[in-house]
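**Student:** Attaching a single structure in structure tokens format; questions to follow.
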Amino acid sequence: MLDNINNFGIKKWLITLISILFITDILIIADVPFLREFMAFITFITIPGILILHVLKLNKIEFIKKIVLMIGLSVAFLIFMGLLLNSLYPAILKPLSLTPVLILSNVILIILAFTAYLRNRNDFNLNDFLNLNINLNGKLASPLIFPALFPFMAVFGTYLMNLTQNNFILIAMLLLIPAYIIAITILKDKIPGATYPFAIWTISLSLLIMNGLTSFHLIGRDVHYEYYSFQLALQSFHWDINTYLNPYNACLSITILPTVLQSLSNLSGEYIFKIFSLIGSFIPLVVYVVSKKYLENKYAFFAGLLFSFQLFFVYLLGAVRQEVAILFFFLAIMVLFANDMGKNTKKILFVILMSSVVVSHYTTAYISFVLVLPILLMPFFKGLVNDRKLKFTNFDVIILLFLFILAWYILFAKVQASAGSQVIQSTIAGTSGDRGDYVLGVLGIVLKSVPNTISVIVHDLIFVTIGVGLLTILRNYKKFTEKIDPEYTVAIFVSIILLVLFLVLPYISVAYDAVRLFFQLLIFLAPVFIIGAMKIAKIIKRPKWDILIILVLLLSLFSCATYLQYHFCGEPYSPDYDANGLVRNEGYIYNQEVAGATWLKDNYMDNYTTYSEGRGLIVFLTAYGNDSTSMNLNNSIFSWNKTVDSGYIYLGYLNVNKNQVLPVYTNLNVQNMSNYSNLFLRKSKIYDNGGSQIWL
2 MLDNINNFGI
12 KKWLITLISI
22 LFITDILIIA
32 DVPFLREFMA
42 FITFITIPGI
52 LILHVLKLNK
62 IEFIKKIVLM
72 IGLSVAFLIF
82 MGLLLNSLYP
92 AILKPLSLTP
102 VLILSNVILI
112 ILAFTAYLRN
122 RNDFNLNDFL
132 NLNINLNGKL
142 ASPLIFPALF
152 PFMAVFGTYL
162 MNLTQNNFIL
172 IAMLLLIPAY
182 IIAITILKDK
192 IPGATYPFAI
202 WTISLSLLIM
212 NGLTSFHLIG
222 RDVHYEYYSF
232 QLALQSFHWD
242 INTYLNPYNA
252 CLSITILPTV
262 LQSLSNLSGE
272 YIFKIFSLIG
282 SFIPLVVYVV
292 SKKYLENKYA
302 FFAGLLFSFQ
312 LFFVYLLGAV
322 RQEVAILFFF
332 LAIMVLFAND
342 MGKNTKKILF
352 VILMSSVVVS
362 HYTTAYISFV
372 LVLPILLMPF
382 FKGLVNDRKL
392 KFTNFDVIIL
402 LFLFILAWYI
412 LFAKVQASAG
422 SQVIQSTIAG
432 TSGDRGDYVL
442 GVLGIVLKSV
452 PNTISVIVHD
462 LIFVTIGVGL
472 LTILRNYKKF
482 TEKIDPEYTV
492 AIFVSIILLV
502 LFLVLPYISV
512 AYDAVRLFFQ
522 LLIFLAPVFI
532 IGAMKIAKII
542 KRPKWDILII
552 LVLLLSLFSC
562 ATYLQYHFCG
572 EPYSPDYDAN
582 GLVRNEGYIY
592 NQEVAGATWL
602 KDNYMDNYTT
612 YSEGRGLIVF
622 LTAYGNDSTS
632 MNLNNSIFSW
642 NKTVDSGYIY
652 LGYLNVNKNQ
662 VLPVYTNLNV
672 QNMSNYSNLF
682 LRKSKIYDNG
692 GSQIWL
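2 is the number of the first residue of the sequence shown in this note's numbering; add one for each residue after it.
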């Protein structure tokens with residue numbers, strides 16, 4: 002078998018890849034059920050990245066690096082290929098439709114394959130490329146195989162929960178994950194090294210699936226506006242920022258990317274967004290790879306889990322644009338600190354990935370450049386201080402990125418630049434006001450219940466551990482600079498400064514909350530958390546307890562991110578496995594609700610306003626799709642609590658079946674419907690499907 006792989010030259014390998022591409026083309030054109038959806042996604046999310054890696058001659062880098070780069074570069078390929086096609090409008094009236102997308106993608110991929118052949122014809126070995134090292138000699142195979150069960154449990158568990166509200170499988174999965182982590186920690190000397198990255202990936206994928214497949218519709222807040230932007234591009238198979246002058250619509254990660262994927266796969270729009278769980282599941286692996294450069298494998302495993310167990314990660318499909326941007330940013334950092342790539346190759350990849358961040362999400366891009374600019378400028382300042390010389394080592398990269406950003410914001414994304422300037426102005430204005438509530442919120446001092454208090458304590462302990470790690474690095478700076486790149490250390494301190502700024506200028510956390518910031522900074526702070534835990538073990542004179550301290554903190558964080566502490570305290574909260582969970586009441590969309598909104602769309606009278614509770618907006622965005630501009634919706638009637646003379650009153654599942662109201666969408670303050678009986682005086686019910694009602 003190994004000899005066959007060794008004899009498999011670049012020509013045979015590229016012919017195999019192009020053959021898979023052509024087979025996928027046939028399945029797409031013939032519209033073969035299931036195979037089209039499956040092969041279109043798998044092929045176009047892997048083969049472009051593989052070919053780019055071959056062109057850059059990155060055949061021998063670590064296998065996990067190849068996997069995450071393959072995914073990231075394929076996504077970047079689809080985005081920029083789609084942008085190129087989109088720029089051909091109106092020469093091509095529907096540039097993002099199937100025919101142009103299929104033709105151009107095939108042409109570019111064949112060119113990449115030919116280039117890869119020329120670059121690798123003399124020194125290619127497939128065994129070097131497929132260099133996954135699974136050494137089972139004397140090792141246990143079962144810990145490596147077992148976590149493959151988690152994604153299946155997530156799929157079947159959410160399906161069962163959606164249909165019957167039976168949460169047994171999901172709860173079992175959420176209890177098995179910590180048990181499995183404890184088991185492989187105990188068996189650390191008996192498991193193959195591949196267990197760690199595979200476990201991170203399967204656990205991460207399971208958590209994303211659990212939330213992504215909750216409801217047959219999208220769940221979250223931002224995602225409904227993202228989906229609306231996508232629907233506008235899909236409507237005419239052409240992205241136009243002027244159709245919706247909003248920063249969301251300038252994010253190609255939620256406009257061009259899903260439109261291209263929909264054209265190729267023919268999946269429904271909502272499931273295109275749900276399938277982003279597969280892309281997001283690779284992000285923790287990047288944290289693992291970066292951390293592994295500075296930590297042992299077992300500690301890098303814990304660093305990856307620290308990222309996976311963030312609340313924002315579990316509900317990452319509620320903000321797809323940031324998910325894609327974070328993947329690109331983390332990959333850019335991985336490339337920046339890689340030792341197994343050439344200097345020019347690193348620069349090419351870094352520019353591609355950082356440019357992809359810019360077009361994917363505006364705020365992530367702003368923070369990314371605040372973090373990487375000091376790193377890129379370090380050689381310049383080192384030259385000034387140490388050698389009294391001007392060294393323009395990374396200025397080519399800085400200039401290229403600056404020119405790209407300038408072109409992007411001038412030609413396409415002026416609305417994002419305006420939004421950024423408004424945040425800065427509001428932040429400056431907010432510094433003179435009362436900051437008490439904001440500061441308390443950022444610090445996590447606002448306590449509401451026992452489960453909430455548990456969450457606050459756990460998160461504060463995580464921050465304290467990171468703080469201890471930071472102080473340890475400061476006190477032993479020379480020692481750590483031998484282990485950690487000085488540029489990486491600089492990024493750690495810049496990350497801490499950014500977090501402190503959220504206390505000094507807490508208004509920023511309104512525009513971009515601290516949870517999202519911390520989430521992005523973990524590419525630098527995850528190893529610091531591990532260092533802090535190891536130091537705490539030494540402080541209490543139990544150095545061998547470092548693993549125990551890490552496990553206690555991580556598994557407590559896992560409970561908080563999945564709301565298990567609420568569940569076992571008897572307070573239903575989770576949107577995923579608690580039928581009466583508070584968050585589920587807010588975000589879960591029932592088919593009957595969409596049916597009611599669709600009926601109203603088809604039958605409403607012009608000039609009549611539709612009134613609903615706060616969460617009515619997400620239902621109507623789902624039902625109206627790209628026609629949402631025509632809906633005349635006011636979702637404030639319950640917060641006003643004032644009778645209206647004319648117009649429809651729309652009631653959703655929570656109102657009809659649980660006799661409850663969420664007056665304000667952003668405030669999970671449930672009220673009883675009886676408090677609003679006055680709104681229905683002289684009104685008649687004209688529609689009722691058991692899960693929604695319409696009154697007039």
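Where a beta carbon is used, it is the ideal one built from N, C-alpha and C, also for glycine.
Because the structure is a prediction, the values reported are computed rather than measured.
Using 8 Å as the Cβ pair cut-off and three pairs as the minimum, do the region 521-537 and the region 466-482 touch?
**Tutor:** They touch, by the three-pair rule.
**Student:** Short of 8 Å in beta carbon distance, which residues of its chain neighbour serine 496, apart from the five on each side in sequence? Order them along the chain.
**Tutor:** Leu372, Leu522, Phe525 and Leu526.
**Student:** Measuring CA to CA, which of Thr215, Ile80 and Asn250 is closest to leucine 164?
**Tutor:** Cα-wise, what sits closest to leucine 164 is Thr215.
**Student:** Is there contact between the region 229-239 and the region 339-349, where contact requires at least three CB pairs shorter than 8 Å?
**Tutor:** Judged by Cβ distances under 8 Å, the region 229-239 makes no contact with the region 339-349, as fewer than three pairs qualify.
**Student:** When burial is assigned at 16 or more other CB atoms within 10 Å of the CB, is lysine 347 buried or exposed?
**Tutor:** Result: buried.
**Student:** For valine 69, which residues of its own chain have a beta-carbon under 6 Å away from its beta-carbon, when the five flanking residues on both sides are left out?
**Tutor:** Here the set comprises Phe283, Leu286 and Val287.
**Student:** Between which two residues does the alpha helix (DSSP H) containing aspartate 26 stretch?
**Tutor:** Aspartate 26 -> alpha helix (DSSP H) spans 11-31.
**Student:** Assign leucine 462 to one of three DSSP states: helix, strand, or coil.
**Tutor:** DSSP places leucine 462 in helix when its eight states are reduced to three.
**Student:** What does isoleucine 400 pair with, by DSSP beta-bridge criteria?
**Tutor:** Answer by DSSP bridge pairing: none, since isoleucine 400 is not bridged.
**Student:** Across the region 644-654 and the region 607-623, are there enough close Cβ pairs to call them in contact, namely three or more that are closer than 8 Å?
**Tutor:** At 8 Å Cβ cutoff, the stretches touch.
**Student:** Please confirm if the region 289-304 is in contact with the region 217-231, defined as three or more CB-CB distances below 8 Å between the two stretches.
**Tutor:** The region 289-304 vs the region 217-231: no contact.
**Student:** Report the residue from Ala117, Thr644 and Asn167 whose alpha carbon sits nearest the alpha carbon of leucine 682.
**Tutor:** Minimum Cα distance to leucine 682 is reached at Thr644.
**Student:** Quick one: using the 10 Å Cβ neighbour count with 16 as the cut-off for buried, is alanine 515 buried or exposed?
**Tutor:** The residue is buried, with at least 16 neighbouring Cβ atoms inside 10 Å.
**Student:** Buried or exposed: which applies to glycine 73, given that a residue is buried once 16 or more other Cβ atoms fall within 10 Å of its Cβ?
**Tutor:** Burial call: buried.
**Student:** Which runs of the alpha helix (DSSP H), 4 residues or longer, sit entirely within the region 324-406?
**Tutor:** Within the region 324-406, the complete alpha helix (DSSP H) runs of at least 4 residues are 344-361 and 363-383.
**Student:** Run through DSSP, which three-state label would lysine 686 get?
**Tutor:** Note: lysine 686 maps to strand in three-state DSSP.
**Student:** Which ranges would you report for the alpha helix (DSSP H) in the region 127-155 if only whole runs of at least 4 residues count?
**Tutor:** As far as the region 127-155 is concerned, its whole alpha helix (DSSP H) runs of at least 4 residues are 127-130 and 143-146.
**Student:** Would you mind reading off the limits of the beta strand (DSSP E) that contains glutamine 166?
**Tutor:** Where glutamine 166 is concerned, there is no enclosing beta strand (DSSP E), given that its DSSP letter is neither H nor E.
**Student:** In or out: arginine 122 buried (at least 16 other Cβ within 10 Å) or exposed?
**Tutor:** Arginine 122 comes out exposed.
**Student:** Do leucine 663 and glutamate 587 have their C-beta atoms within less than 8 Å of each other?
**Tutor:** Going by C-beta atoms, leucine 663 is nearer than 8 Å to glutamate 587.
**Student:** For threonine 17, count neighbouring C-beta atoms within 10 Å of its own C-beta (all shown protein chains included) and say buried if the count is 16 or more, exposed if not.
**Tutor:** Label assigned to threonine 17: exposed.
**Student:** With a threshold of 7 Å on Cβ separation, who are the neighbours of isoleucine 65 within its own chain once the five nearest residues in sequence on each side are excluded?
**Tutor:** The answer, listed in chain order, is Pro198, Leu286 and Val290.
**Student:** Under 8 Å Cβ to Cβ from valine 491, same chain only, skipping five residues before and after it: list those, please.
**Tutor:** Closer than 8 Å at the Cβ level, and outside the excluded window around valine 491, lie Pro375, Ile376 and Met379.
**Student:** Under the rule that 16 or more other beta-carbon atoms within 10 Å means buried, what is glycine 582, buried or exposed?
**Tutor:** Buried, because 16 or more other Cβ atoms sit within 10 Å of the Cβ of glycine 582.
**Student:** Please identify the residue among Leu265, Gly270 and Ser254 whose C-alpha is closest to the C-alpha of isoleucine 280.
**Tutor:** It is Ser254 whose Cα lies nearest to the Cα of isoleucine 280.
**Student:** Please state if the CB of phenylalanine 330 and the CB of valine 398 are separated by a distance shorter than 8 Å.
**Tutor:** No, the pair does not count as a contact, with Cβ atoms beyond the cut-off.
**Student:** When burial is assigned at 16 or more other CB atoms within 10 Å of the CB, is alanine 142 buried or exposed?
**Tutor:** It is exposed - the Cβ of alanine 142 has fewer than 16 other Cβ atoms within 10 Å.
**Student:** In three-state DSSP terms, what is tryptophan 240?
**Tutor:** In this structure, tryptophan 240 counts as coil in the three-state DSSP scheme.
**Student:** Using the Cβ count rule (16 or more neighbours within 10 Å means buried), how would you classify proline 623?
**Tutor:** Checking the sequence shown, residue 623 turns out to be threonine, not proline. By the 10 Å Cβ count, threonine 623 comes out buried.
**Student:** I need the boundaries of the alpha helix (DSSP H) containing leucine 652, first residue and last residue.
**Tutor:** Segment 649-652 is the beta strand (DSSP E) holding leucine 652; no alpha helix (DSSP H) there.
**Student:** Of all the options Leu105, Leu133 and Ser88, which has the alpha carbon lying nearest to the alpha carbon of glutamate 63?
**Tutor:** That would be Leu133, whose Cα lies nearest to the Cα of glutamate 63.
**Student:** Suppose you measure from the CA of proline 49 to the CA of leucine 462; what does that come to, to the nearest Å?
**Tutor:** C-alpha separation (whole angstroms): 43 Å.
**Student:** For the putative contact between methionine 71 and serine 106, defined by C-beta atoms under 8 Å, what is the C-beta separation to the nearest angstrom?
**Tutor:** No, methionine 71 and serine 106 are not in contact; Cβ-Cβ is about 16 Å, not under 8 Å.
**Student:** Could you give the DSSP three-state label for asparagine 608: helix, strand or coil?
**Tutor:** Of the three classes helix, strand and coil, the one that applies to asparagine 608 here is coil, per DSSP.
**Student:** Specify the secondary structure class of leucine 262 as computed by DSSP and reduced to three states.
**Tutor:** Leucine 262: helix per DSSP, three-state reduction.
**Student:** Within the chosen definition, does the region 147-167 reach the region 107-114 through at least 3 CB pairs nearer than 8 Å?
**Tutor:** The region 147-167 is not in contact with the region 107-114.
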